[in-house]
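Participant: Under our numbering, read the sequence shown as residues 150 to 394, first letter to last.
Glycine included, each C-beta is placed from N, C-alpha and C at the ideal position.
After the C-alpha cells below, expect a handful of questions from me.
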Amino acid sequence: MKIKRFDDKAALYAYAARLITQLLQEKPDCTLGFATGSTPIGIYEQLVSLYSQGRVSFAKALSFNLDEYVGLSGSHPQSYRQYMLQHLFRHTDFNPRNIYIPDGMAADLEAECQRYDSLLEEHPIDLQLLGIGHNGHIGFNEPGHALTARTHLVTLEPETRAANARFFHSEDEVPRQAITMGMGSILKARSILLVVTGADKAAVVSEALAGSISTACPASLLQTHADVTVLLDRDAGRELHDSSL
Ligand code: F6R
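Structure follows, in C-alpha cells:
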C-alpha cells in the first residue's frame, strides 16, 4: 500500500487527476471505476479542467460506478447517475454507451446485480477510485458479521442514511436500499485509488489501514490488495502513524 500525504486538498485532487490522466494516456480504452460522495468532486473538477484544456480524452474509456440508490430513477437529482453527469460525464467526451451504473429502478433487482457483475467480468476495472464512510464502508458495503463479494442489494445503515441526508430535503427522503458492487468485485480492480480528506475521517483511516482486517471495517480489506494508493490530506492522516503500518 502506497500512502501519500498532502498539505492541502487542491494538491491532492490535482495528483489524483494526474494519475487518472496518465492511465488514460497509456491506455485510452481503460476501464475506470468511479465513486460518488463529496470526496471525489474536486478530482472530477480537475479532470473536467484537464479535458477542457485538451490534455485528456475519455472517448474510448469505459466507466463503472460503485453503487446506486434503489427507487431513484437515473433522472432523479440525487441519483448517482445524475451526480456523475453533473460532475463529470456531461462536461467531457465520455461515450454514453460506455457508462455503466446499476439501475436502481430495475423491476428485478437481483437480476440487475447479476447483469452488472457480468459486465464487470467482461470489462475488468483498471483503476477504481474510492472514498470511505465514517463507519469504514466502501461503496455501500456496510460493516457487519459478513460481507457479500458480488454486486448485491443492501439495506442502508441509519448512520449512512443520516450522513447522506445532507443531499436530500430530509433524512426520510434518503432511500433505504441501494445496489452496490461487493468487496470481491471491488478488490478485482487492477489498481485502487483511495482518497480521504478531513479530520472526521482520521479515526477510520487509521482503523482501515493500520487495524486488523475485519468485516467490521470493510475498508480494512483493502490491505489485502497488491496495488492500492491512498491519498490523504493532513487532517485525514493525523491518526495514522508510519510506525503503525
Ligand atoms: C459512494 C461511495 C461511498 C462514499 C463514502 C464517503 O459511491 O462509494 O462509499 O465514498 O460514503 O462519502 P463522502 O466522500 O461523501 O464522505
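#1: Under a three-way DSSP split, which group does His283 fall into?
#2: Within the same chain, show all residues whose beta-carbon is closer than 8 Å to that of His228, passing over the 5 residues directly before and after it, in chain order.
#3: Does the Cβ of Gly331 lie closer than 6 Å to at least one heavy atom of the ligand F6R?
#4: Based on DSSP bridge pairs, tell me the residues matched to Asn214.
#5: Who pairs with His301 in a beta bridge, going by DSSP?
#6: Would the segment 375-392 count as touching the segment 342-355 if we require 3 or more Cβ pairs under 8 Å?
#7: Any heavy atom of the ligand F6R closer than 6 Å to the Cβ of Gly282?
#8: Going by C-alpha distance, which of Asn313, Ala359, Ser393, Thr241 is nearest Thr188?
#9: Please find out if some non-hydrogen atom of the ligand F6R comes closer than 6 Å to the beta-carbon of Thr297.
#10: Go to Lys151, then tell me how far its beta strand (DSSP E) extends in each direction, as first and last residue.
#11: Would you kindly work out how many angstroms separate the C-alpha atoms of Ala210 and Thr364, rounded to a whole number?
#12: At which residues does the alpha helix (DSSP H) containing Ser355 begin and terminate?
#13: How about Leu215: is its Cβ closer than 6 Å to a heavy atom in the ligand F6R?
#14: Identify whether Leu258 lies in helix, strand or coil by the three-state DSSP scheme.
#15: Unbroken alpha helix (DSSP H) runs of length 4 or more, entirely within the segment 184-254: which are they?
Facilitator: From the atom records:
#1: For the purposes of this step, residue 283 is taken as the residue at position 134 of the sequence shown. Reduced to three states, the DSSP call for His283 is coil.
#2: Position 79 of the sequence shown, counting from 1, holds the residue named residue 228. Correcting the residue type first, residue 228 is Ser in the shown sequence and not His. Hits under 8 Å: Glu217, Tyr218, Leu221, Ser222, Gly253.
#3: What you label residue 331 is simply residue 182 of the sequence shown in a count that begins at 1. It does not: the Cβ of Gly331 is nowhere closer than 6 Å to a heavy atom of the ligand F6R.
#4: Counting from 1 along the sequence shown, the entry for residue 214 is found at position 65. When DSSP reads this structure, Asn214 sits in a beta bridge with Phe183.
#5: For this step, residue 301 is matched to residue 152 along the sequence shown. DSSP lists Thr329 as partners of His301.
#6: yes
#7: Taking the sequence shown and counting its residues from 1, one reaches residue 282 at position 133. Yes, since a heavy atom of the ligand F6R falls inside the 6 Å radius drawn around the Cβ of Gly282.
#8: Here residue 188 refers to the residue found at position 39 when the sequence shown is read from its first residue. Nearest neighbour of Thr188 by Cα position, chosen from Asn313, Ala359, Ser393, Thr241, turns out to be Asn313.
#9: As a working note, residue 297 is residue 148 in the sequence shown. Answer for Thr297: no, Cβ out of range of the ligand F6R.
#10: Along the sequence shown, one-based indexing puts residue 151 at 2. Start and end: 151-155.
#11: For this step, residue 210 is matched to residue 61 along the sequence shown. For this step, residue 364 is matched to residue 215 along the sequence shown. So the alpha carbons of these two residues sit roughly 32 Å apart.
#12: As a position in the sequence shown, residue 355 is number 206, starting the count at 1. Counting along the chain, the alpha helix (DSSP H) containing Ser355 begins and ends at 351-359.
#13: To locate residue 215, count along the sequence shown from 1; it is residue 66. Yes, the ligand F6R has a heavy atom inside 6 Å of this Cβ.
#14: Position 109 of the sequence shown, counted from the start, is the residue given in the question as residue 258. The answer is helix: DSSP assigns Leu258 an H, G or I state.
#15: 190-201, 229-236
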